[in-house]
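*Asks:*
Protein chains: 2
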Amino acid sequence: MTNYHTLTQAEAVEYAQGIEDLFPDGAQLKLRDIGDGNLNHVFHISDQASGRSLILKQALPYFKMVGESVPLTLDRVRIEYEALRINGEICPDQTPKVYAYEPDLALIAMEDLSDHTVMRRRLMEKVRDPLFAEHIGSFLARTLFFTSDLAMDQQEKKLRVKSFINPELCNITEDLILYAPFTKSRMNIVEPHIRDSVERIWEDKELHLEVTLLREKFLTKAEALLHGDLHTDNIFIKPDSTKVIDREFAFYGPIGFDIGTLIGNMLLNYSGQEGWSTDAKERTNYRRYLLDSVYELWTQFESEFRELWNGYAADRLVKTPGYQNLYVTRLLQDTIGFAGVLMLCRVYGYIHVADIDDIKDAAARERAQRNALEIGVALIKRNRSAHSIKEVLDIALKVV
Amino acid sequence: MTNYHTLTQAEAVEYAQGIEDLFPDGAQLKLRDIGDGNLNHVFHISDQASGRSLILKQALPYFKMVGESVPLTLDRVRIEYEALRINGEICPDQTPKVYAYEPDLALIAMEDLSDHTVMRRRLMEKVRDPLFAEHIGSFLARTLFFTSDLAMDQQEKKLRVKSFINPELCNITEDLILYAPFTKSRMNIVEPHIRDSVERIWEDKELHLEVTLLREKFLTKAEALLHGDLHTDNIFIKPDSTKVIDREFAFYGPIGFDIGTLIGNMLLNYSGQEGWSTDAKERTNYRRYLLDSVYELWTQFESEFRELWNGYAADRLVKTPGYQNLYVTRLLQDTIGFAGVLMLCRVYGYIHVADIDDIKDAAARERAQRNALEIGVALIKRNRSAHSIKEVLDIALKVV
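If you're matching them up, the sequences are chains A and B in order.
By the working numbering, the letter at position 180 of the first sequence is numbered 180, and the numbering carries on one by one without gaps.
By the working numbering, the letter at position 63 of the second sequence is numbered 1063, and the numbering carries on one by one without gaps.
1. Taking Met1152 (chain B) as part of the alpha helix (DSSP H), name the residues at either end of that continuous run.
2. For Tyr1062 (chain B), which residues from the same chain have a beta carbon less than 7 angstroms from its beta carbon, with the 5 sequence-adjacent residues on both sides left out?
3. First and last residue of the alpha helix (DSSP H) that includes Tyr99 (chain A)?
4. For Arg1215 (chain B), would you say it is in contact with chain A, using Cβ-to-Cβ distances shorter than 8 angstroms as the test?
5. Which parts of the stretch 1002-1074 of chain B are runs of the beta strand (DSSP E), unbroken and 3 residues or longer, counting only runs that do not cross its ends?
6. With 8 angstroms set as the bound, which would you pick, yes or no: does the beta-carbon of Leu1225 (chain B) sit closer than that to a beta-carbon of chain A?
7. Do you know how far the Cα of Leu1113 (chain B) is from the Cα of Asn1234 (chain B)?
8. For my contact list, Ile1045 (chain B) and Val1013 (chain B) are in at a C-beta cut-off of 8 angstroms; report their separation, rounded to the angstrom.
9. Taking only three categories from DSSP, how would you classify Val1190 (chain B)?
10. Which two residues bound the contiguous beta strand (DSSP E) that contains Phe251 (chain A)?
11. Pull up the CB-CB distance for Gly1264 (chain B) and Ala1339 (chain B), whole angstroms please, since I reckon it's below 8 angstroms.
12. Please look up how many angstroms separate the CB atoms of Arg215 (chain A) and Leu262 (chain A), rounded, as I've assumed it's under 8 angstroms.
13. Is the beta carbon of Ile245 (chain A) sitting closer than 8 angstroms to the one on Thr335 (chain A)?
14. Examine the ligand SAH and report whether any of its heavy atoms sits within less than 7 angstroms of the Cβ of Arg1078 (chain B).
15. Give a yes or no on whether 8 angstroms exceeds the smallest Cβ distance from Thr212 (chain A) to chain B.
16. Verify whether the separation of the beta carbon atoms of Asn285 (chain A) and Gln333 (chain A) is less than 8 angstroms.
17. Does DSSP put Phe1164 (chain B) in a helix, a strand or coil?
18. Using a beta-carbon distance below 8 angstroms, is Ile1172 (chain B) in contact with chain A?
19. With 16 other CB atoms within 10 Å as the buried threshold, where does His231 (chain A) fall?
20. Tell me which residue opens and which closes the beta strand (DSSP E) that Leu1226 (chain B) is part of.
21. Distance cutoff 8 angstroms, beta carbons only. Does Phe1257 (chain B) sit that close to anything in chain A?
22. Give the DSSP-derived three-state secondary structure of Ala386 (chain A) in the structure shown.
23. Name the two residues that bound the continuous beta strand (DSSP E) containing Ala109 (chain A).
24. Along the alpha helix (DSSP H) that carries Thr1278 (chain B), what are the first and last residues, could you check?
25. Quick one: list the residues of chain A neighbouring Phe1145 (chain B), beta-carbon separation under 8 angstroms, in chain order.
26. Taking all protein chains shown into account, do 16 or more other C-beta atoms lie within 10 angstroms of the C-beta of Glu1274 (chain B), making it buried, or fewer, making it exposed?
27. Answer yes or no: does any C-beta atom of chain B fall closer than 8 angstroms to that of Lys57 (chain A)?
28. Name, please, each residue of chain B whose Cβ falls closer than 8 angstroms to the Cβ of Ala149 (chain A).
29. In chain order, what residues of the same chain lie with their CB nearer than 7 angstroms to the CB of Leu1268 (chain B), ignoring the 5 residues before and after it?
30. Skipping 5 residues on each side, what residues in its chain have a beta carbon closer than 8 angstroms to that of Asp1196 (chain B)?
31. Can you pull the chain A neighbours of Gly1322 (chain B), defined as C-beta to C-beta under 7 angstroms?
32. Classify Ser1303 (chain B) as helix, strand or coil using the three-state DSSP reduction.
33. With 8 angstroms set as the bound, which would you pick, yes or no: does the beta-carbon of Ile1165 (chain B) sit closer than that to a beta-carbon of chain C?
34. Could you spell out the range, first to last residue, of the alpha helix (DSSP H) harbouring Lys1243 (chain B)?
35. Any C-beta of chain B sitting closer than 8 angstroms to the C-beta of Val198 (chain A)?
36. Would you check if the distance between the CB atom of Asp218 (chain A) and the CB atom of Glu248 (chain A) is smaller than 8 angstroms?
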């Protein structure tokens, strides 16, 4: 990575102009800086005349965390590129197109999704997306099945595990999601009014046991190539299209982590509805929509995963009667456990979610936080015994 | 590996002479070719005058299997060297000393263990080794604990997983141990007189389910740095010393596979006692010794593993009450399951064991084979419910 330097805006435009078959010669490109600047520079580059555009994402060699700049490997861009390439083959409809990749510059040029909206925003605005559950359930089934030992040549899969060893990014998840929230750590950001609930979580040894078992799976179980960070800011939606962005956390891990991250995020919005409508009926209706979406998401995932299994199992042993049922039940249990962990860490861990934090009214925000903590704890405690996605709905409905 | 060539005997002697601080200048070195020639050249090189000696092990770029030469990566020597280095630090008493390593030649010069005897021979000769269980139980506890997420920095562990991705050698295990024995495969070598029992195994779907679950663990669970091939030909013993050789199968896998491989081999000898003594009392006594050794091996492993855990746990969550008990019970269950699988594949799979195959009397050999199959099947079927090592002893005693 000796040739690495962060691109100036002029260089970014020049680079975009040089990508073959994208912009017309001599196009007047316009650049907009849309990155968060914590991890990456992200530029939107467009040509009004032709209506063409792209996103340039350049990784920064550090990560701004706890006010400090922590060095962070640029290898994550190779990982993102490889994951986009693999998922693009398996699931082209949900994967942004890649136009160019420059390893030396830690740079990827990819499809502009400006006509889509971030899913978290859509949920906060109570939009209903009838195709979301089908699209993402299918994305999960296909990307996870086809990268697992169930479908792959088992020796090629090992080389892929090697190529996606991703210690620094996994470390962020292991620290901020799977460790700090269960200890009195300075990595937690706890609003004083919910301190009592958080203290109870810190003291709940039964809960810690479940989290430790889930963490063990995250640390050891190389089941499939995960997205690794599938929250609702990483899904872009318009009515007829659903795209999944941001693959730098990709690694071989337990399938339930991806599904659980997403369901946990949907239930955070469910918990946060307290703050987004004063109309009780409207709240109830949208909550019902969210639970229906969770149910459909899982159901779409499960039925497509089973269908792929029946059609593309790697060998005869995979088809042993009873194995698929045990496997899918375990995936459900992992999903439920990780969903619960995700909910807790996003309420009082280092990174929160807008669905709850943006609620201005302190009493409503507190209710939302307590809802999320109650649902999260119940999900984690149910993880080893669950047998149906309906149990998730029941847990949520019992709390709100 | 462009400089690789197989050493002539003269080159081997010259190389040995050049190793610093080993042989006196001008020593008259004597070479003995002791390799099997299927996978490696192994030379014993010694100087009678000084009494010094060493082993030179050079990997061959192929593997003779099913009468053919299958290409096999020389990278396995790097893996063996790295595993010897890591285990040598953790467990110097059970690890042969390494004098030199030549990556280009796929060559390791290591400690001569000619004053030790192969454990399989010792068992076949009914020798009792009172220190074996303690030595190897401790070796397993230390090498497996200290390379796991329980003890290691979890990011360093990931780099180690990467360095020990070992597709070609794992493939041998996956094919010959975890797949072919459960299908009508040409990779099995079935003596006609036990064909009926083997056919029953090929049709036993309940058994296949358990094997498939165990295989899933082998394929996905990066728990600790395993030896990967810990049978009784890879343990060298003299009364006061126990050494573990041959690390080329090393990879990150489920801890129970190593312990199970060894216990399975001990129970193959137990099953084979039919052929090694006409004195019923002698047979019974040695069988009792073997079961006592299995019990002590597990007990030593478990108590030392727990002690290391209590002293060296990587973080606070690992110390969560109840976690250690669940973890150790799972290790026992995996051990029992893999022990059973090992027993079956060594009776009618591609690679057999001398403890049974060398029994000249066909009726006694058949009894030995049927004993092993019966114990193996029972162990596999017990794998998910077992809670005590005593269950292994009970299963063995019920059969013979």
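Think of the CB as a built atom: it goes at the ideal place given N, C-alpha and C, for glycine as much as any other residue.
Bear in mind the structure is a predicted one, so any value in this text is a computation, not a measurement.
*Replies:* Checking against the coordinates, here is how it stands:
1. Position 152 of the second sequence holds residue 1152 (chain B). First-last for Met1152 (chain B): undefined, no H or E at that position.
2. Along the second sequence, one-based indexing puts residue 1062 (chain B) at 62. Closer than 7 angstroms at the Cβ level, and outside the excluded window around Tyr1062 (chain B), lie Ser1069, Val1070, Pro1071, Leu1072.
3. By 1-based counting over the first sequence, the position of residue 99 (chain A) is 99. First-last for Tyr99 (chain A): 98-102, but that is the beta strand (DSSP E), not the alpha helix (DSSP H).
4. By 1-based counting over the second sequence, the position of residue 1215 (chain B) is 215. At least one C-beta of chain A is nearer than 8 angstroms to the C-beta of Arg1215 (chain B).
5. 1029-1033, 1040-1047, 1052-1059, 1062-1065, 1068-1071
6. By 1-based counting over the second sequence, the position of residue 1225 (chain B) is 225. No, no contact with chain A.
7. Taking the first residue of the second sequence as position 1, residue 1234 (chain B) is located at position 234. Taking the first residue of the second sequence as position 1, residue 1113 (chain B) is located at position 113. One alpha carbon belongs to Asn1234 (chain B), the other to Leu1113 (chain B), and they sit about 12 angstroms apart.
8. Locating residue 1045 (chain B) in the second sequence gives position 45, where the first residue counts as 1. Locating residue 1013 (chain B) in the second sequence gives position 13, where the first residue counts as 1. Indeed they touch by this definition, with Cβ atoms about 6 angstroms apart.
9. To locate residue 1190 (chain B), count along the second sequence from 1; it is residue 190. In the structure shown, Val1190 (chain B) sits in coil (DSSP, three-state: anything other than H, G, I, E or B).
10. Here the question's residue 251 (chain A) lines up with position 251 in the first sequence. Counting along the chain, the beta strand (DSSP E) containing Phe251 (chain A) begins and ends at 251-253.
11. Stepping through the second sequence from its first residue, residue 1264 (chain B) is reached at position 264. Stepping through the second sequence from its first residue, residue 1339 (chain B) is reached at position 339. Yes, Gly1264 (chain B) and Ala1339 (chain B) are in contact; Cβ-Cβ is about 4 angstroms, under 8 angstroms.
12. Here residue 215 (chain A) is taken as the residue at index 215 of the first sequence, counted from 1. Here residue 262 (chain A) is taken as the residue at index 262 of the first sequence, counted from 1. The Cβ separation is near 19 angstroms, so there is no contact.
13. Working through the first sequence from its first residue, we reach residue 245 (chain A) at position 245. Working through the first sequence from its first residue, we reach residue 335 (chain A) at position 335. For Ile245 (chain A) and Thr335 (chain A), no; Cβs fall outside 8 angstroms.
14. No copy of the ligand SAH occurs in the structure displayed, which carries no ligand at all.
15. Position 212 of the first sequence, counted from the first residue, corresponds to residue 212 (chain A). So yes, Thr212 (chain A) belongs to the interface.
16. Here residue 285 (chain A) refers to the residue found at position 285 of the first sequence. Here residue 333 (chain A) refers to the residue found at position 333 of the first sequence. Taking 8 angstroms as the Cβ cut-off, Asn285 (chain A) and Gln333 (chain A) do not qualify as a contacting pair.
17. As a working note, residue 1164 (chain B) is residue 164 in the second sequence. It is coil, neither helix nor strand.
18. Reading the second sequence from its first residue, position 172 is the one you call residue 1172 (chain B). Chain A contact via Cβ: absent.
19. Against the first sequence, residue 231 (chain A) aligns to sequence position 231. That one is buried.
20. Sequence index remark: in the second sequence, residue 1226 (chain B) carries index 226 (1-based). Segment 1224-1226, the beta strand (DSSP E) holding Leu1226 (chain B).
21. Position 257 of the second sequence, counting from 1, holds the residue named residue 1257 (chain B). No, Phe1257 (chain B) does not count as interfacial toward chain A.
22. Position 386 of the first sequence, counted from the start, is the residue given in the question as residue 386 (chain A). Of the three classes helix, strand and coil, the one that applies to Ala386 (chain A) here is coil, per DSSP.
23. Here residue 109 (chain A) is taken as the residue at index 109 of the first sequence, counted from 1. Ala109 (chain A) -> beta strand (DSSP E) spans 107-111.
24. In the second sequence, the residue the question calls residue 1278 (chain B) occupies position 278. Per DSSP, Thr1278 (chain B) belongs to no alpha helix (DSSP H) and is neither H nor E.
25. Counting from one through the second sequence, the residue named residue 1145 (chain B) turns up at place 145. Here the premise fails: no neighbours, minimum Cβ distance about 14 angstroms.
26. The count along the second sequence starts at 1 and reaches residue 1274 (chain B) at position 274. By the neighbour-count rule (16 or more Cβ atoms within 10 Å), Glu1274 (chain B) is buried.
27. Position 57 of the first sequence, counted from the first residue, corresponds to residue 57 (chain A). Lys57 (chain A) does not count as touching chain B.
28. Within the first sequence, numbered from 1, the residue matching residue 149 (chain A) stands at position 149. Residue identity differs from the one stated: residue 149 (chain A) is Asp in this sequence, not Ala. Per Cβ cutoff of 8 angstroms: Glu1216, Leu1219, Thr1220.
29. Locating residue 1268 (chain B) in the second sequence gives position 268, counting from the first residue. Excluding its 5 nearest sequence neighbours in each direction, Leu1268 (chain B) has C-beta neighbours in its own chain below 7 angstroms: Met1343, Arg1346, Val1353, Asp1355, Ile1356, Ala1372, listed in chain order.
30. Indexing the second sequence from 1 puts residue 1196 (chain B) at position 196. Excluding sequence neighbours, Asp1196 (chain B) sits near nothing in its chain.
31. Here residue 1322 (chain B) refers to the residue found at position 322 of the second sequence. Residues of chain A with a Cβ closer than 7 angstroms to the Cβ of Gly1322 (chain B) are, in chain order, Leu209.
32. Here residue 1303 (chain B) corresponds to residue number 303 of the second sequence, with the count starting at 1. Residue state, collapsed to three classes: helix.
33. Judged by its chain identifiers, the structure shown contains no chain C, and its protein chains are A and B.
34. What you label residue 1243 (chain B) is simply residue 243 of the second sequence in a count that begins at 1. Segment 1241-1244 is the beta strand (DSSP E) holding Lys1243 (chain B); no alpha helix (DSSP H) there.
35. Translated into positions along the first sequence, residue 198 (chain A) becomes position 198. Cβ-Cβ to chain B under 8 angstroms: no for Val198 (chain A).
36. Residue 218 (chain A) sits at position 218 when you count from the first residue of the first sequence. Residue 248 (chain A) sits at position 248 when you count from the first residue of the first sequence. The sequence given here places Phe at residue 218 (chain A); Asp does not occur at that position. It is not a contact, given that the beta carbons lie outside the stated cut-off.
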